[in-house]
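For the sequence shown, the positions run 1 to 87 when full-length UniProt numbering is used. For each residue, glycine too, the CB sits at the ideal point set by N, CA and C. These numbers come from a predicted model, not from an experiment. Data block below; observations after.
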Amino acid sequence: MATRQSVEEFLQRCEDVIRYAKEQYTEAQKQEHYNITEYTNAQQMLERAVIDLAHLARSCNAQQREQLHRMRLQLEQLQNDMILLDR
Numbered sequence: 001m002a003t004r005q006s007v008e009e010f011l012q013r014c015e016d017v018i019r020y021a022k023e024q025y026t027e028a029q030k031q032e033h034y035n036i037t038e039y040t041n042a043q044q045m046l047e048r049a050v051i052d053l054a055h056l057a058r059s060c061n062a063q064q065r066e067q068l069h070r071m072r073l074q075l076e077q078l079q080n081d082m083i084l085l086d087r
């Protein structure tokens, strides 16, 4: 079973990834993808977080799974936004 601390640390890491990805998304909107390396890196970080989340969710209780589900929705929404911008 996942510990409360491990879930909290993972959620914090996800928030950091989201913050970085949003910064890259905003820059890409302004610069028309002149920051392609950072943008791609942000997309990869989001994907890794989604994969890690799925693994962690397997060993969580119901309350923790609900927290992780909400985080997954945020991560996936940002992934979708970045893919749509990536024309």
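Are the CB atoms of residue 77 and residue 43 nearer to each other than 8 Å? In the sequence shown, residue 77 corresponds to position 77, counting from 1. In the sequence shown, residue 43 corresponds to position 43, counting from 1. The Cβ atoms of residue 77 and residue 43 do not sit closer than 8 Å to each other.
For residue 59, which residues from the same chain have a beta carbon less than 8 Å from its beta carbon, with the 5 sequence-adjacent residues on both sides left out? Residue numbering aside, residue 59 sits at position 59 when the sequence shown is read from its first letter. Contacts found: 1, 2.
What's the gap between the Cα of residue 65 and the Cα of residue 71? Locating residue 65 in the sequence shown gives position 65, where the first residue counts as 1. Locating residue 71 in the sequence shown gives position 71, where the first residue counts as 1. Going by the C-alpha atoms only, they are around 10 Å apart.
What residues in its chain sit with their C-beta under 6 Å from that of residue 21, if we drop five residues either side in the sequence? Residue 21 sits at position 21 when you count from the first residue of the sequence shown. Here the set comprises 42, 46, 78.
How close, in whole Å, do the beta carbons of residue 67 and residue 18 come, if the pair is a contact with beta carbons under 8 Å? Numbered from its first residue, the sequence shown carries residue 67 at position 67. Numbered from its first residue, the sequence shown carries residue 18 at position 18. The Cβ separation is near 14 Å, so there is no contact.
If you check the beta carbons only, do residue 84 and residue 29 fall under 8 Å apart? Within the sequence shown, numbered from 1, the residue matching residue 84 stands at position 84. Within the sequence shown, numbered from 1, the residue matching residue 29 stands at position 29. No, the pair does not count as a contact, with Cβ atoms beyond the cut-off.
Tell me which residues share the same chain as residue 35 and place their Cβ nearer than 6 Å to its Cβ, disregarding the 5 neighbours each side in the sequence. The residue labelled residue 35 in the question sits at position 35 within the sequence shown. Counting only Cβ-Cβ distances below 6 Å, and skipping sequence neighbours, we find 27.
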